[in-house]
Amino acid sequence: MGHQSVTVLGAGLAGCEAAWQLARRGFPVTLYEMKPQKFSPAHQSGDFAELICSNSLKASRIGSAAGLLKEEMRRFGSLLMACAEKSAVPAGGALAVDRGEFSRLATQAIEGEPLITVVREEVTEIPEGPAIVATGPLTSQHLSEKIQALCGGGLSFFDAAAPIVTRESLDMEHCFAASRYGRGDQDGEEGDYLNCPMNKEEYDAFAEELVKAERAPVHSFDARDPKVYEGCMPIEVLASRGHDAIRFGPMKPVGLRDPRTGHRPWAVLQLRTENRERTLFNLVGFQTNLKFGEQRRVFGMIPALRNAEFVRYGVMHRNTFLNSPGLLAGDYSLCRRPTLFFAGQITGVEGYMESASSGILAGINMARRLCGKPTLLLPETTMMGALSRYVSGYEGKDFQPMGANFGVLPPLSEKIRDKRQRYGTLSRRGLRDLGAYCREMDEPLRESAVSAQEEESV
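According to the numbering used here, the sequence shown is numbered sequentially starting from 77.
Quick look at the structure:
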């Protein structure tokens, strides 16, 4: 007798991972995706696992919060980590990808899996049988209303994406190639980032105009009191907090030296490559809701961008997420309906890999529940476990999205002053506890992507 069929709504990062985990365990999956029949305000591609705000998946080093999360995902056989590594582009100590290639690989894998049936149409009702809702922070209105009715309402905050420019349109006389502190740079090769320095006079004029620039209206959303998530704060909003706010934020010059002057610049805009050909670059930290013409005018005040060609302007859109504490269990299932799971940013995890990791757990736990096995409640010392516990058990008054960070992990028993050493110890503890827990629960893990010696050196 075969396994019961499962419906997955949404072929974003979380939905792809959930469907993949179910198929790997022999469950037939019907994966619904409304693109290209219908697009959200932020999506443009018909492919799956589309990246919106940035092409960076954050730090690679296992001794970082983002790196620990990605290593845990690898050990669970993450589809998207495999796609990311195949489509990686230079980004210093971060894992960044060619967006188009990343999505193409994910789409190809999902559509090529015999146990996954893809249906490209909008779903307006919550399925009756076993289902995983991974429709993302821009869930369509009809389905969003049904989810809110089932869950007793929802919350929303506003997210913003950064512009992308062509390399050939940059004034390379006002750029230099280098990663911050030289991370990832190799002798004889161009650094992973292009840096656009500004002197004090240039920065002062730019910062003044940025604050005064006209912003675009937020159409079709209730923008009377938008909550802007700090991790994607529009650059103009951050600039309004103080004249030097962005110089101590996205435009900080620390760790960089302008080869033209031999000195650290007053301020720097970093550009990170978008594709393997290095023909497209995004403005790091420059999420914005300025009108398109204002983006050309104000960002053009940065010397390197005087004649920049924008292939994508920054946009702002609403993200919707559940008030998950009390609604969702630590395995991402709905407390009142154990065979209905949620995954991705709609649960209140924030970030690409965080969303994907929740999809991994939702898929595994759906399979385990349908097989009559206890679901996985990962140790709180793991990053995936800490995030699921935050989403399901946050006890504060104002639940807000959370990304991977060491602050969500329980502290170490011993005090370690050196931050790098402390983070490495936290990572080693998490990976050790993950292995022990999964052996106890009879949940197989992939072999470590790093050797035991490397893991100890984290």
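C-beta atoms are modelled at their ideal positions from N, C-alpha and C, and glycine is treated no differently.
Measure how close the beta-carbons of VAL374 and ILE208 come, nearest whole angstrom, since I'm counting them as under 8 Å.
Rounded, the Cβ-Cβ distance is 42 Å, inconsistent with contact.
Report the rounded CA-to-CA distance for GLY338 versus LEU270, giving the unit in angstroms.
17 Å
Would you mind listing the alpha helix (DSSP H) stretches within the segment 145-233 that are 4+ residues and don't spill past its ends, in chain order?
Unbroken alpha helix (DSSP H) stretches of 4 residues or longer found wholly inside the segment 145-233: 155-162, 175-187, 217-227, given in chain order.
Can you grab the Cα-Cα spacing for the pair TYR108 / ALA90, in whole Å?
13 Å
What is the DSSP secondary structure of LEU485, counted as helix, strand or coil?
coil
Do the CB positions of ALA94 and ASN131 come within less than 7 Å of each other?
no
Along the chain, where does the beta strand (DSSP E) containing ASN441 start, and where does it finish?
That residue, ASN441, is in no beta strand (DSSP E); its alpha helix (DSSP H) goes 428-446.
Using C-beta distances below 6 Å, list every residue in its chain close to PRO310, excluding the 5 sequence neighbours before and after it, in chain order.
ALA236, GLN363, THR364, ASN365
Can you give the Cα-Cα distance for ILE192 and GLN476, rounded to whole angstroms?
33 Å
Pull up the DSSP beta-bridge partners for TYR389, would you.
In the DSSP assignment, TYR389 forms no beta bridge with any residue.
Starting from LEU133, trace the beta strand (DSSP E) in both directions and tell me its first and last residue.
132-135
Any idea if GLN217 is buried or exposed, counting beta-carbon neighbours within 10 angstroms, 16 or more meaning buried?
GLN217 sits exposed, since fewer than 16 C-beta atoms from the chains shown fall within 10 Å of its C-beta.
For SER498, which residues from the same chain have a beta carbon less than 6 Å from its beta carbon, with the 5 sequence-adjacent residues on both sides left out?
The question names Ser, yet the displayed sequence has Arg at residue 498. Excluding residues within five positions, the ones whose Cβ falls inside 6 Å are ILE492.
Could you give the first and the last residue of the continuous beta strand (DSSP E) run that contains ALA343?
343-349
Any contact between the segment 275-291 and the segment 310-328? By contact I mean 3 or more CB pairs, one from each, below 8 Å.
Judged by Cβ distances under 8 Å, the segment 275-291 makes contact with the segment 310-328, as three or more pairs qualify.
Which residues in the same chain have their Cβ closer than 8 Å to the Cβ of MET274, if we skip the five residues on either side of it in sequence?
Apart from sequence neighbours up to five positions away, the residues of its chain that approach MET274 with a beta-carbon distance below 8 Å are PHE282, MET327, PRO341, TRP342, ALA343, VAL344, LEU345, ILE378, PRO379, ordered along the chain.
I'd like the list of long-range same chain contacts for ASN351, defined as Cβ closer than 6 Å, with 5 residues on each side in sequence excluded.
Only ASP174 meet the Cβ criterion.
With the cut-off set at 7 Å, would you say LEU607 and PRO239 are in Cβ contact?
A query on residue 607 cannot be resolved here, the shown segment of the chain reaching from 77 to 534 and no further.
How many whole angstroms separate the CB atoms of LEU446 and PRO206, which I take to be in contact at a CB cut-off of 8 Å?
Cβ atoms of LEU446 and PRO206 come within 8 Å of each other, at about 6 Å.
Tell me, please, whether the segment 180-198 touches the segment 466-474 by the rule of three or more beta-carbon pairs shorter than 8 Å.
Taking 8 Å as the limit for Cβ pairs, the verdict is that the segment 466-474 does not touch the segment 180-198.
Which term fits SER489, buried or exposed, when burial requires 16 or more other beta carbons within 10 angstroms of its beta carbon?
Exposed, since its Cβ has fewer than 16 Cβ neighbours within 10 Å.
Can you tell me the Cα-Cα spacing of GLU249 and PRO166, whole angstroms?
22 Å
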